[in-house]
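Asker:
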Amino acid sequence: MTITKLGHCCLLIETDTKRILTDPGIFTTAEQEAVEQLDAVLITHEHADHLHVESLKRVLAKNPNARVITNAAVGKILAAAGIAFEAIEQRQSTDVNGVSIEGFGDEHAEIYRDYKLVRNTGYMIHDRFFYPGDAFTNPGKPVEILALPVAGPWMRIKEAIDYALALKPTLAFPVHDGILSSVGSAHTAPEEFLGEAGIEFMIPELGTPFETDSS
Numbered sequence: 001m002t003i004t005k006l007g008h009c010c011l012l013i014e015t016d017t018k019r020i021l022t023d024p025g026i027f028t029t030a031e032q033e034a035v036e037q038l039d040a041v042l043i044t045h046e047h048a049d050h051l052h053v054e055s056l057k058r059v060l061a062k063n064p065n066a067r068v069i070t071n072a073a074v075g076k077i078l079a080a081a082g083i084a085f086e087a088i089e090q091r092q093s094t095d096v097n098g099v100s101i102e103g104f105g106d107e108h109a110e111i112y113r114d115y116k117l118v119r120n121t122g123y124m125i126h127d128r129f130f131y132p133g134d135a136f137t138n139p140g141k142p143v144e145i146l147a148l149p150v151a152g153p154w155m156r157i158k159e160a161i162d163y164a165l166a167l168k169p170t171l172a173f174p175v176h177d178g179i180l181s182s183v184g185s186a187h188t189a190p191e192e193f194l195g196e197a198g199i200e201f202m203i204p205e206l207g208t209p210f211e212t213d214s215s
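If you're matching positions, the sequence shown starts at 1 in the working numbering and goes up one per residue.
Okay, here's the thing in structure tokens:
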């Protein structure tokens, strides 16, 4: 498996034969619209940094065979925009030509008690890689590679570190950091404390693929 972080939470995941994009949001419109030969687009929730509808339309125009996979709440937004989708929810799964996609989680982490919670679905891809979206969801099964949220109005870095320690992946890397102006403690603290626990934490260069050990 090869992963390319395009920015924030927009990731390109490639197996031997399949190409999957996550969360084409407002921070990465140019990068996601340049991607070709996609088999699927996964969307965790409706916030603009994870879903930019007009940009998604341009992504799909370039990738007309790509399947859009999301939860029913996001699906209502897509249907209103004329975009076809397939809905999966907590503990439901689908298959993208041999690559398994399994949904975990129900709600976005709390931002504030009076701030409306939206539906958030994290995805386990190929039984190896877990991307939780905007929540610290434990899928209850082994996670080899973790996309770890490190910044946002709904979290503290302590929570991110404890979350990764609980899941015990072999490799973790930061996401949800497009709001940061530079690499700082949101990156260096996980690197230090996860490293002490034997978890490799890497900070990928945007747009540069990195390899994981198996296909």
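Note that beta-carbon positions come from the ideal geometry of N, C-alpha and C, so glycine has one too.
1. Mind checking G152: buried by the 16 CB within 10 Å criterion, or exposed?
2. Given a cut-off of 8 Å, decide if I20 and L42 are closer than it, judged by their beta-carbon atoms.
3. Less than 7 Å separating the Cβ of V53 from some heavy atom of the ligand NAP?
4. Please state whether DSSP places L158 in a helix, a strand or coil.
5. Since A147 contacts L11 with CB under 8 Å, what's their CB separation in whole angstroms?
6. Measure the Cβ-Cβ separation of S100 and D127 and say whether it is below 8 Å.
7. Measure from the alpha carbon of E144 to the alpha carbon of each residue in H176, F201, K158, T170, then state which is nearest.
8. Pick from F193, Q32, G105: whose alpha carbon is nearest that of M124?
9. Between the C-alpha atoms of I3 and Y112, what's the straight-line distance to the nearest angstrom?
Answerer: So, to answer that:
1. buried
2. yes
3. Among the components of this structure there are no ligands whatsoever, and the ligand NAP is therefore not found.
4. For the sequence presented, residue 158 should be read as Lys rather than Leu. Three-state DSSP puts K158 in a helix.
5. 7 Å
6. yes
7. T170
8. G105
9. 33 Å
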